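Per this note's numbering, the sequence shown starts with residue 12, numbered consecutively.
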Amino acid sequence: MQRHFLDVGKCYFFSIFFLAYLVGAIVAGCTVYGVFQSYMIRKHIVTEKFEDVDVQNALHPFITAERDREWLRFLRKNRELENEVMKDVPGWKTGTWYGEPVYFTLGDKWWDPSITEVYAHSDKKSLETDRYWKHHSEYSAPKFYDKYLPKWLLDRIW
């Protein structure tokens with residue numbers, strides 16, 4: 012009688028190690044371990060996201076203040092450049108057009124200067140770079156189109 016190697020009934024290796032309940036227990040154990048690991052990874056991701064949002068909320072006032080300070084420094088530099096350029100003109104006073112004030116206050120409103128006014132003393136390359144670069148800052152000054160759009164739409168656009 013010839014013995015075959017894969018004859019399950021006569022080979023003790025298969026009958027000991029590949030019992031149905033043992034295979035089922037291993038599969039169930041791996042499934043439970045995988046579910047537990049996916050739960051722990053999801054918990055870790057949610058915790059990290061919560062911490063990131065918390066840090067962003069804490070730093071937002073400082074980042075906004077630094078951005079506004081940089082803007083004011085830029086406007087001050089423009090004013091100093093205007094003083095330098097117009098120093099030889101008799102009767103010239105910065106912020107006026109030969110004695111007529113060009114700046115006025117609107118109370119609590121902020122009026123953004125035009126792009127030509129901001130870049131009056133800059134080179135053309137800086138102007139073109141900043142004009143065609145799409146800025147998505149969180150600066151929330153009133154825009155010219157605010158009065159034409161409904162409130163629910165204004166909250167959803169840049």
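No residue lacks a Cβ here, since even glycine has one placed at the ideal position from N, Cα and C.
Note that the structure is a prediction, hence the values are computed from the model and not measured.
Sheet register partners of residue i (DSSP bridge)
{"i": "E111", "result": "W108"}
Beta-carbon proximity list for residue i, same chain, < 7 Å, skipping 5 on both sides
{"i": "G106", "result": "P112, V113, Y114"}
{"i": "T58", "result": "none"}
{"i": "M97", "result": "W103"}
Nearest-angstrom beta carbon gap, residue j and residue i [assumed within contact, 8 Å]
{"i": "N89", "j": "H132", "result": "6 Å"}
{"i": "L165", "j": "D157", "result": "6 Å"}
Neighbourhood of residue i by C-beta distance below 6 Å, restricted to the same chain and skipping five residues each side
{"i": "E91", "result": "none"}
Local conformation of residue i per DSSP, three classes
{"i": "D134", "result": "coil"}
{"i": "M51", "result": "helix"}
{"i": "D63", "result": "helix"}
{"i": "F155", "result": "coil"}
{"i": "D99", "result": "coil"}
{"i": "D141", "result": "helix"}
{"i": "L83", "result": "helix"}
{"i": "P72", "result": "helix"}
{"i": "W163", "result": "helix"}
{"i": "L224", "result": "There is no way to answer for residue 224, as the model of the chain reaches only from 12 to 169."}
{"i": "K88", "result": "helix"}
Below-9 Å beta-carbon distance, residue i vs any chain B residue
{"i": "E91", "result": "Absent from the structure: chain B. Only one protein chain is present."}
Contacts around residue i, its chain only, beta-carbon distance under 8 Å, and the 5 residues preceding and following it disregarded
{"i": "L197", "result": "The displayed coordinates of the chain run from 12 to 169. Any statement about residue 197 would go beyond what the structure contains."}
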